[in-house]
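Please read the structure below before turning to the comments.
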DNA sequence: TCATTATTGACGAATATTGACCATAACCCT
DNA sequence: AGGGTTATGGTCAATATTCGTCAATAATGA
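Residue numbers (the working numbering), protein chains in the order written: chain A, 15 to 173; chain B, 15 to 173.
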C-alpha cells in the first residue's frame, strides 16, 4: 500500500525517464485530478522529492497556461559532481544526515550498496573514536565527519 | 528461554531469507503489536543486531505510511570467514601493509577498484587525524588502523 | 557481585494529507 | 489600452500517522 506521495513521485520520475528532454512540464490541476487529491499535494511532492539535493531543479508559472517544470540536473563533468558533493555535505554532518545523503546517492546510482556500507562503517568508526576515545565536542565530531565523508565521496565521484 | 530481542531478530532474518528481494519493509507498530512489546524495542533490535558492521543497511521513514527497511548485502558471515579477516589483518597494520592486503584482495576480485579506494581514503584519513590532531603513538595508530580495516572487510564478508 | 544486555515508557521529530486563502498571468470585452 | 474575468499555481497552518531518542529500571550472565 504505497502512499499517494510516492505514487505521484514515481509518475513524475517515469515521465522524466520516458522523455528524451532534460525536463517535463506538468499541470498541477491535471495531476491533482488524475490522482484524486488536492492541488497542494502536488506542491508537497515537488517540494519533498524533486529538490536540488536529489538532483532536480523546478520552475513554475501561475495564471493561464501555467505549468510546473521539473528539470534533471546534469552532472556529466567529474568536477560538477565533486562540487555537488561538497554542497550536499557542507561543513558539518551528523549521523542522521550522513544516512540521508548516502540513501540519496544510492538511489541516484552514484554509489553501490557495498560502497554505501563501507562509508557507513568508516564514519561510524570515526564517530565512535571521536566520542569515546577522544571525547571530542559534538561540533568537532560533526566537522570531522563532514571532512571524511567529502573525501570518501570525492574519491568515488572524480573517477 | 530465548529473549524477545532474539526472537524478533530471528523473525527479521527469516523474512530476509525468505524473500527474493534484497530487503524487507517492516512496520514498527505492527511488529511491536505482534510480539507484544513497546515499539522502541524494535529500535533496540535493529540497533543492536542489524548494523552496518554486520553487513546491513537500514533506512526508515516516519509519518504516514512510514516504514523500517532492512537491506542485507550478504548472508551473515560464517565464523571462519571472520577469523580469516582477523588473521589477515592482525592487531596492527601500517599503510604499506594495508596497501598490500588491498592489492591482494583486488587481484582476487573480492573488492572493486572503487571499494579499494574507499578503504584507502578512510584509513589514510584516520592515520592523518591520529598523527596531527591527536598526536598518537605510531603503535596506537597502527592498531586503530587494524581495527578499522577489520570492520570494513568484515562488513563486506571478505576473508 | 559487577558489567553488559534487555525492556519500558514518556516525550520529541518527521512525514503525509487537506483545505482555506493568496498571487499571478493570460484572455476578452469594451 | 485598460480593466475585469478566468485560470492557474503558491503558501501556510491544522491534523493525523508513524518512527526515533533517551534515560530509568530490570534481567542476565561471567
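Think of the CB as a built atom: it goes at the ideal place given N, C-alpha and C, for glycine as much as any other residue.
Residue 130 of chain B and residue 149 of chain A have their C-alpha atoms some 30 Å from each other. Taking a C-beta distance under 8 Å as the contact criterion, residue 132 of chain B and residue 132 of chain A qualify as a contact pair. Here residue 167 of chain B is buried. Its C-beta has 16 or more other C-beta atoms within 10 Å.
In this structure, DSSP gives residue 99 of chain A a helical state, which the three-state scheme calls helix. Residue 139 of chain A belongs to the set of residues whose beta carbon lies under 8 Å from a beta carbon in chain B. Annotation for residue 22 of chain A: 49, 59 place their beta carbon closer than 6 Å to its own, counting only its chain and skipping 5 residues before and after. Residue 71 of chain B is positioned such that its CB atom lies no closer than 8 Å to that of residue 35 of chain A. Counting only unbroken stretches of 3 or more residues, the beta strand (DSSP E) elements lying wholly within the region 31-80 of chain B are 37-40, 70-75, in sequence order.
Contact annotation for residue 165 of chain A against chain B: 135, 139 [CB-CB distance below 7 Å, chain order].
Residue 78 of chain B places its beta carbon 8 Å or farther from that of residue 169 of chain A. Residue 171 of chain B carries a coil assignment under DSSP once its states are collapsed to helix, strand and coil. Using a Cβ-Cβ cut-off of 8 Å, residue 128 of chain A counts as an interface residue toward chain B, since at least one Cβ of chain B sits closer than that to its own.
With a beta-carbon spacing of about 4 Å, residue 37 of chain A and residue 85 of chain A fall inside the 8 Å limit used to define contacts. Of all alpha-carbon atoms in A:136, A:108, A:142, A:113, the one lying nearest the alpha-carbon of residue 153 of chain A is that of A:108. The beta-carbon distance between residue 155 of chain B and residue 145 of chain B, rounded to whole angstroms, is 6 Å. This is short enough to meet the 8 Å contact definition. Contact of residue 152 of chain B with chain A by beta-carbon distance below 9 Å is absent, the smallest such distance being about 17 Å.
For residue 135 of chain A, the three-state secondary structure derived from DSSP is helix. Residues are counted here when their Cβ sits less than 8 Å from a Cβ of chain B; for the region 86-109 of chain A the count is zero.
With respect to chain A, the C-beta atom of residue 79 of chain B has a partner C-beta closer than 8 Å. Counting of Cβ neighbours within 10 angstroms places residue 121 of chain B among the exposed residues, the total staying below 16. Residue 57 of chain B and residue 68 of chain B have their C-alpha atoms some 16 Å from each other. Scanning its chain for C-beta atoms nearer than 8 Å, with the 5 sequence neighbours on each side dropped, one finds around residue 112 of chain B the residues 133, 134, 137, 159, 163, in chain order. At least one beta carbon of chain B lies nearer than 8 Å to the beta carbon of residue 173 of chain A. At a C-beta separation below 8 Å, residue 148 of chain A has these neighbours in chain B: 148.
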